[in-house]
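A.B. asks:
In UniProt numbering, the protein residues as written are 1 to 261.
1. Which full runs of the beta strand (DSSP E) of 3+ residues lie inside the segment 72-97, going along the chain?
2. Going by DSSP in three states, residue 200 sits in which element: helix, strand or coil?
3. Going by DSSP, what residue range makes up the beta strand (DSSP E) through residue 6?
4. Do residue 23 and residue 81 count as a contact pair if the criterion is CB distance below 8 Å?
5. To the nearest angstrom, how far is the alpha carbon of residue 258 from that of residue 48?
6. For the segment 199-238, which segments carrying the beta strand (DSSP E) assignment without a break, of at least 3 residues, lie completely within its bounds, in sequence order?
7. Sorted by chain position, which residues of the same chain lie with C-beta nearer than 6 Å to residue 120's C-beta, five sequence neighbours on each side aside?
8. Please classify residue 106: does DSSP put it in a helix, a strand, or coil?
9. Can you tell me where the beta strand (DSSP E) holding residue 21 begins and where it ends?
10. When the Cα atoms are used, what is the spatial distance from residue 249 to residue 213?
11. Classify residue 33 as buried or exposed, calling it buried when 16 or more other Cβ atoms lie within 10 Å of its own Cβ.
12. Taking the alpha helix (DSSP H) that residue 37 falls in, what are its first and last residues?
13. Can you name the start and end residues of the beta strand (DSSP E) that residue 46 belongs to?
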């Protein structure tokens with residue numbers, strides 16, 4: 001494990017802690033702090049930070065974190081965190097009573113080309129060029145990657161937000177090294193069908209919360225889940241993109257949903 005366990009768990013509200021939040025990225029550590037604080041005003045929540053550098057180690061870390069809470073928990077993951085939650089729930093069904101997939105990336109490769117197409121369509125030609133160059137630099141895993149990740153983050157403010165709302169992201173610490181180490185492994189799991197296999201092994205109810213303006217198409221989550229025999233509770237926001245916790249027309253409903261999950 002890359003950090004002491006206590007340092008990777010942030011608690012909001014009073015015990016028992018039966019709701020756990022998983023950030024995206026990989027490497028967007030602290031991005032859900034604002035959401036956790038909002039949820040924690042009415043329901044105890046745990047923000048679980050990812051500090052390891054492989055999918056296997058992250059699953060081990062997550063298991064250790066959840067063991068300190070009051071399982072079975074409602075496990076809510078945003079973006080990449082939705083995948084991590086899915087994998088964990090399939091491995092440790094006794095510890096998860098409700099899986100919440102927030103802005104989940106596609107579960108199969110066939111929907112992946114739509115993500116870049118949607119993002120580039122929202123950028124000017126120079127911005128689109130910078131976005132693609134930053135992606136190439138990250139794929140090369142070279143010294144320019146921290147700046148490349150910052151470029152992607154800056155441009156994603158335009159591609160991944162529809163109606164931005166005030167949101168406290170002061171705790172966000174972007175970890176480029178974690179992204180470079182974990183994302184290629186995660187993408188392979190999708191290509192190899194491991195995510196679908198995990199979905200077939202789920203024993204708990206599943207909820208899908210997704211913005212229809214998200215570059216990641218909702219169909220990329222809903223259609224594969226349906227093919228696996230899962231009928232998730234679904235909330236689709238018309239005026240929302242990839243981060244509903246920071247979106248004007250989704251923020252409050254997301255918070256209320258998690259307070260009751």
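Note that the Cβ used here is the ideal one computed from N, Cα and C, for glycine as well. The model shown is predicted, which means the values in this text are computed figures rather than measured ones.
C.D. replies: Reading from the atomic positions:
1. 73-78
2. Sequence index remark: in the chain shown, residue 200 carries index 200 (1-based). The answer is helix: DSSP assigns residue 200 an H, G or I state.
3. Counting from one through the chain shown, the residue named residue 6 turns up at place 6. Careful: residue 6 lies outside any beta strand (DSSP E) and carries neither H nor E.
4. In the chain shown, residue 81 corresponds to position 81, counting from 1. In the chain shown, residue 23 corresponds to position 23, counting from 1. Yes.
5. Along the chain shown, read from residue 1 onward, the residue named residue 258 stands at position 258. Along the chain shown, read from residue 1 onward, the residue named residue 48 stands at position 48. Each residue's CA atom was taken as its position, placing residue 258 and residue 48 some 15 Å apart.
6. Runs found: 206-211 and 233-237.
7. Working through the chain shown from its first residue, we reach residue 120 at position 120. Excluding residues within five positions, the ones whose Cβ falls inside 6 Å are 128.
8. Residue mapping note: residue 106 aligns to position 106 of the chain shown, counting from 1. For residue 106, the three-state secondary structure derived from DSSP is coil.
9. The residue you call residue 21 lines up with position 21 of the chain shown. From DSSP, the beta strand (DSSP E) with residue 21 extends over 19-22.
10. Counting from one through the chain shown, the residue named residue 249 turns up at place 249. Counting from one through the chain shown, the residue named residue 213 turns up at place 213. Cα to Cα, the separation comes out at about 12 Å.
11. Locating residue 33 in the chain shown gives position 33, counting from the first residue. Around the beta-carbon of residue 33, 16 or more other beta-carbon atoms lie within 10 Å, marking it buried.
12. On the chain shown, position 37 is the one that residue 37 refers to. Residue 37 -> alpha helix (DSSP H) spans 33-39.
13. For the purposes of this step, residue 46 is identified with residue 46 of the chain shown, where counting begins at 1. Note, residue 46: beta strand (DSSP E), 45-48.
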